Amino acid sequence: MATTEHPPSSRLRSWMLEGLSDMGRDGGHTGPHAVPEPAHQGQRWWRVMCLTGVDYFSTLGYQPGIAALAAGLLSPIATIVLVIVTLAGALPVYRRVAEESPRGEGSISMLERLLSFWQGKLFVLTLLGFAATDFLITITLSAADASTHLIENPHLTSTLHDHKMLITLFLVALLGAVFLKGFLEAIGVAVALVGIYLALNVVVVLVGLWHVITAGHVVTDWASALTAEHGNVFVMIGVALIVFPKLALGLSGFETGVAVMPHVKGDPDDTEENPKGRIRDTKKLLTTAAIVMSGFLIATSFITTLLIPEKDFESGGPANGRALAYLAHHYLGGVFGTVYDVSTIAILWFAGASAMAGLLNLMPRYLPRYGMAPHWARAVRPMVIVFTLVAFLVTWIFDADVDAQGGAYATGVLVLISSAAIAVTIAARKAGQRNWTVGFAVISAVFLYTTVVNVIERPDGVKIGACFIAGIILVSLLSRLARAFELRVTDVTLDDMAERFIRDMASRKMRFIANEPDQRDKAEYRDKIEQIREDNDIPGEDFVFVEVTVLDPSEFEASLTVRGEVLHNRYRVLTLESSSIPNALAALLLHARDTTGCTPHIYFEWTEGNPFANFLRFFLFGQGEVAPVTREVLREAEPDRPRRPRVHTG
């Protein structure tokens with residue numbers, strides 16, 4: 003492989019690229035351009051739970067208000083339906099996802115295995131678009147809701163009322179600054195925020211339940227109004243099922259719970275191939291978070307529905323988007339209410355941390371491997387800056403409005419959960435687990451129904467998701483085009499026969515003939531040598547044929563295995579399998595040069611046909627303009643012209 007000299011990096015560049023992202027690394031070499039740092043030792047599962055919990059638990063800041071607006075008096079019953087779907091649906095699905103993708107790839111990698119070639123890549127890019135919608139909207143929506151809590155505080159509303167956009171942008175920038183500082187700092191902050199926030203919510207819930215119990219008429223008034231409005235319990239359950247899709251935000255957190263899985267410590271004897279401890283503790287993480295959140299959801303929906311007048315939940319009302327904060331101020335006074343506001347603002351702001359962690363895990367895992375992102379996309383800090391700038395743009399487009407972003411957020415959440423349910427259904431079926439297959443299929447149907455209803459009611463979510471998908475696909479294809487001439491072979495391995503051919507030629511002139519295998523009979527190789535001799539006016543028959551078979555042209559970088567064989571007792575042939583013929587040939591030539599110290603020569607025929615059409619064939623299918631592209635790959639990989647292998651075309 004080529005080794006080139008690079009000028010010394012500037013201090014800023016070194017800091018930006020310091021330590022490639024170990025989020026989502028599979029423990030192997032990630033390419034010829036960058037070697038990652040050793041993985042950190044991980045954190046205890048409950049600490050990582052706090053990281054995903056800042057997203058999941060922070061929905062308490064707005065979920066009771068959303069439930070009240072969507073279901074009215076039925077809010078507690080609709081929330082119970084949400085909890086049942088969470089514990090009986092989403093939780094089993096993601097516990098299975100944790101087993102199937104213990105490196106944090108999530109359901110995307112499970113579905114990636116079902117499709118190959120370009121359709122597989124486009125499918126993954128589509129899911130990444132919805133994941134980006136989910137995670138980025140988590141960042142912007144949470145920051146916007148945090149600024150709403152800040153502005154609606156009775157002591158600050160007159161001063162900050164007209165500065166919501168500025169406050170939201172500042173919170174997004176502050177989140178980015180935390181990740182520029184370091185990821186472990188983010189986990190430490192998350193643990194403190196979650197602990198304080200849940201403790202304050204316990205106080206608010208207990209006080210709320212006390213007021214409900216001591217004012218007995220509250221329960222009877224609610225029950226009477228509920229019966230008068232909906233009749234019997236079956237109608238209530240039916241209506242609760244109908245409004246359930248509007249409460250889907252309460253399901254957020256599972257995808258990020260799996261995405262941050264690589265940071266769970268696990269057992270000392272865990273390996274990347276079999277991280278049993280990490281899987282076990284991630285299941286604890288998911289289960290604990292779901293149970294804690296379910297309890298809070300039921301309790302908070304009950305007390306907010308019974309204690310807050312319905313009109314106060316409406317847009318512009320004092321409880322809109324901040325129902326629990328409303329109760330904290332009303333029943334516990336301004337001091338406690340302000341402390342609660344500060345805690346809510348902090349956790350809502352930092353809810354973007356788990357989303358940012360998810361983005362930093364998913365995007366560097368897929369896009370650079372597909373050749374659809376620059377090299378620096380494997381480094382944390384540049385990606386943090388990119389995601390922060392995109393979050394600025396989203397905040398500006400939505401004018402920092404929480405309600406306007408709810409549809410896009412719910413769509414991203416539901417699409418990812420639906421894809422996870424489908425993925426585990428397929429996995430269970432392949433494993434021959436009939437009961438699990440049926441169960442997961444039912445769960446998949448529930449989530450698909452929820453997704454479709456949400457899309458019909460809030461089509462803006464799909465529109466925003468489509469914009470993210472289109473943006474990712476466009477940027478990815480442009481990046482793939484820009485990197486088309488890279489040497490993208492991670493390493494070259496020769497078998498004994500191939501090494502013997504290379505050593506033998508090193509004592510003379512190293513001459514290779516690029517041959518497209520056809521019948522592979524004696525006449526094919528004899529005629530090829532004769533043609534090369536005539537076209538290039540060279541004597542003798544001391545050549546080695548090189549034949550490349552293209553497997554999956556959509557893959558970008560991979561290792562290269564070279565096998566040698568002697569055909570017809572006369573012709574030496576090296577066979578290779580790769581995603582691209584020119585890149586494989588260039589890698590072989592550079593490897594032969596580096597191991598022998600000799601300059602190899604390779605001989606081609608000119609490709610017939612339109613050059614542009616041939617280049618498209620190379621870009622999409624790994625073959626086409628082989629001779630000039632091989633020379634260009636060599637030129638980029640080895641700038642020192644005297645050391646560059648020679649390319650001859652006739």
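When you read off a place in the sequence shown, starting at 1, and then add 2, the result is the number in the numbering used here.
Here a beta-carbon is modelled for each residue, glycine too, at the ideal position from N, C-alpha and C.
Since this is a predicted model, take the numbers as computed values, not measurements.
- Taking C-beta atoms under 8 angstroms as the contact rule, Val649 and Pro584 fail to qualify, at a distance of about 10 angstroms.
- Burial check for Ser317: the Cβ neighbour count within 10 Å stays below 16, so the residue is exposed.
- Taking C-beta atoms as the reference points, Gly55 and Ala327 fail to come closer than 9 angstroms.
- Taking 4 residues as the shortest admissible run, the stretch 64-126 contains the following complete alpha helix (DSSP H) segments, listed from N- to C-terminal end: 65-73, 77-87, 93-102, 109-114.
- Under the three-state reduction of DSSP, Thr273 is assigned to coil, being neither helix nor strand.
- The beta carbons of Leu350 and Leu84 sit no closer together than 9 angstroms.
- Going by C-alpha positions, Thr346 is about 33 angstroms away from Gly240.
- Going by DSSP, Tyr605 is part of the beta strand (DSSP E) stretching over 603-606.
- Assigned with DSSP and collapsed to three states, Ala560 falls in strand.
- By the Cβ test, the stretch 497-513 is in contact with the stretch 529-545, since at least three Cβ pairs between them sit closer than 8 angstroms.
- Contact holds between the stretch 550-560 and the stretch 578-592, because three or more Cβ pairs, one in each stretch, are under 8 angstroms apart.
- Counting along the chain, the unbroken alpha helix (DSSP H) around Val220 starts and ends at 218-232.
- Taking a contact as a CB-CB distance under 8 angstroms, the pair Leu569 and Tyr527 counts as one, their CB atoms being some 7 angstroms apart.
- Beta bridge pairing from DSSP links Thr142 with no other residue.
- Remark: fewer than three beta-carbon pairs, one from each stretch, lie closer than 8 angstroms, so the stretch 264-271 and the stretch 425-439 are not flagged as touching.
- Secondary structure at Glu567: strand, using DSSP grouped into helix, strand and coil.
- Relative to the Cα of Thr340, the nearest Cα in the group Asp314, Glu501, Glu154, Gly473 belongs to Glu154.
- Sequence-distant Cβ neighbours of Gly106 in its own chain, meaning closer than 6 angstroms and more than five residues away, are Gly26, Ala261, Met263, Pro264, Asn363.
- In the DSSP assignment, Ile198 is bridged to no other residue.
- For Asp493, the secondary structure class from DSSP, reduced to helix, strand or coil, is strand.
- Distance from the CA atom of Asp136 to the CA atom of Leu177, rounded to whole angstroms, is 17 angstroms.
- Within the stretch 486-550, complete beta strand (DSSP E) segments of at least 3 residues are found at 491-496, 513-516, given in chain order.
- If you ignore the 5 residues before and after Val448, its C-beta comes within less than 7 angstroms of the C-beta of Val87, Gly91, all in its own chain and listed in chain order.
- For the pair Leu171 and Ala402, the CB atoms are nearer than the 9 angstroms cut-off.
- Taking the Cβ atoms as the reference, Val235 lies roughly 15 angstroms from Ala73, outside the contact range of under 8 angstroms.
- Between Leu578 and Leu592, the beta carbon gap of about 14 angstroms keeps them out of contact (Cβ cut-off 8 angstroms).
- Shown here, Ala321 sits in coil according to DSSP, grouped into three states, outside any helix or strand.
- The stretch 320-335 makes no contact with the stretch 217-236, as fewer than three CB pairs between them are under 8 angstroms.
- For the pair Gly414 and Arg460, the CB atoms are not nearer than the 9 angstroms cut-off.
- Thr159 and Ala412 have their alpha carbons spaced roughly 29 angstroms apart.
- Within a 10 Å sphere around the beta-carbon of Gln121 sit fewer than 16 other beta-carbons, which makes this residue exposed.
- Residue pairing by DSSP places Leu576 opposite Val548, Gly566 in a beta bridge.
- Bounds of the alpha helix (DSSP H) holding Arg595 are 583-598.
- Within the model, the alpha-carbon separation for Asp314 versus Ala242 is close to 21 angstroms.
- When the Cα atoms are used, Glu532 and Val426 turn out to be separated by approximately 57 angstroms.
- Secondary-structure assignment with DSSP links Thr307 through no beta bridge to anything.
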